[in-house]
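Residue numbers (my numbering): 109 to 557. Here is the structure we will look at, set down as structure tokens.
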């Protein structure tokens, strides 16, 4: 860490912390424009010249797991020692239609608009028929749900099926589940109201926690000093700030039976985490989730690795050779002698197609109180972003891998990442939504909410 982080962080001293980092990291610059030109160099991973392909990646092999391992995973869910975190604050900037959670394919993205967005991104004409061909299904036939509603329904549906299959009462099992839904200021109340209207998708409202991710104004530079400029627009400080905010007082809340928000102190949330065996951070754009929100194989594997002292598991997947992405890159840092995960904007000089292994954006935290406490104590690395002439910070959630013992694993068959990140992956999103709708019993289950 560059500077010592305040132990009991508030939004006010988080801003002060950002200013101190700016003064420390950017003291040699005389203007924001100079900083903008050097942004890639300022953020570059310090050991980038010493990166190699990751070593000793664990292989997720069902043959290495016993029946007892699977029973342990199922029991973890059925007994409520499984915590899910759902990032729903992000904006669909490449699609130009607001918060990802709120996207309704039927309402917001008619086939002609998808073709137009794909054409613009590709720099060549893409027809509506080509979109249909790539999607394999007509989006007009989809159930009329937002992406977020699909996301929450799938989790409820899968847990309900799991309870029935093991002779448990689904309502009782759903009531034990604990989760955190992270929203933004613009659409937060809309999402919360959707939860209320949808009967919390069968979950117990007192165990469904919400947090409004705080946006911040930019930092300006004048007369040799950096200052927090409230005349600038506000922006979210990436998903790393999101988990930092989870360590603060009075940020997480649940909605009581009278519709009032009941806030938690930091220590209260810490006590909840002490009783959790595995916390999974879900990205709402993960498409495979829509047909399998709980993957028992990786959960059983994670719990087994917990016994070996691992406190974070990061799955790596192959990059898509047709549409290569620059997400978190897995590599071996020969200076510190371990595998690391590095965010795309810290990879100056490395092209998208040169990245072989990516993070699947599916991180598991074993005995999650420990990672939460280390985050509360140390904070995260704080890269910068210059937007419209102002400095904003963009800490990364995946950097928790530098705080706790982390295992990188992959499947026996390395598949490319499947996420809805841009117009190019919209046909894939249509395909997975269609497959979700075709699940036996899903339509009827969804109608109940």
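Glycine included, each C-beta is placed from N, C-alpha and C at the ideal position.
If you compare the alpha carbons of 444, 405, 151, 532 with that of residue 174, the shortest gap goes to 405. Boundaries of the alpha helix (DSSP H) around residue 484: 477-486. Runs of the alpha helix (DSSP H) lying entirely within the stretch 276-330 and spanning at least 4 residues, in chain order: 278-284, 296-305.
With contacts defined as CB atoms closer than 8 Å, residue 229 and residue 531 qualify as a contacting pair. For residue 453, there is no enclosing alpha helix (DSSP H), since its DSSP letter is neither H nor E. One thing to note: residue 465 has its Cβ within 8 Å of the Cβ of residue 437. In this structure, the beta-carbon distance from residue 149 to residue 468 does not fall below 8 Å. For residue 467, the three-state secondary structure derived from DSSP is strand.
Inclusion of residue 304 and residue 291 in the CB contact set at 8 Å is not warranted, their separation being larger than that value.
Beta bridge pairing from DSSP links residue 380 with no other residue.
Ranking 209, 283, 357, 274 by CA distance to the CA of residue 179 puts 274 first. Counting C-beta pairs closer than 8 Å gives three or more between the stretch 192-202 and the stretch 382-393, which meets the contact rule. The C-beta of residue 265 has 16 or more other C-beta atoms within 10 Å across all chains shown, which makes the residue buried. Non-local C-beta neighbours of residue 219 in its own chain, meaning closer than 7 Å and more than five positions away in sequence, comprise 236, 239, 240, 247, ordered along the chain. Residue 514: not part of any alpha helix (DSSP H); member of the beta strand (DSSP E) spanning 514-519, first to last residue. Residue 437 is bridged by DSSP to 450, 466. In this model, residue 409 and residue 471 are separated by some 13 Å (Cα to Cα). A distance below 8 Å separates the beta carbons of residue 381 and residue 477. Annotation for residue 151: 453, 454, 491 place their beta carbon closer than 6 Å to its own, counting only its chain and skipping 5 residues before and after. Rounded to whole angstroms, the gap between the alpha carbons of residue 450 and residue 347 is 14 Å. About 5 Å separates the beta carbon of residue 396 from that of residue 526, a gap short enough to meet the 8 Å contact definition.
In the three-state DSSP reduction, residue 202 falls in the coil class, being neither helix nor strand. Nearest C-alpha to residue 314 among 357, 336, 344, 369: 369. Beta-bridge pairing by DSSP links residue 372 to no other residue. Separation of residue 506 and residue 211 (C-alpha to C-alpha, rounded to the nearest whole angstrom) is 25 Å.
In the three-state reduction of the DSSP assignment, residue 472 falls in the strand class.
Under a 10 Å Cβ-count criterion, residue 308 is classified as buried, with 16 or more other Cβ atoms of the shown protein chains found around its own Cβ. Comparing C-alpha distances from residue 263 to each of 166, 287, 245 shows the shortest one belongs to 287.
Judged by beta-carbon spacing, residue 340 lies within the 8 Å limit of residue 498, meaning their Cβ atoms are closer than that value. Residue range 534-545 is occupied by the alpha helix (DSSP H) that includes residue 542. Contact between residue 285 and residue 311 holds: their C-beta atoms lie close to 6 Å from each other, under 8 Å.
Between the alpha carbons of residue 293 and residue 164 lies a distance of about 42 Å. If only complete runs of 3 or more residues are kept, the stretch 182-242 shows the beta strand (DSSP E) at 190-195, in order along the chain.
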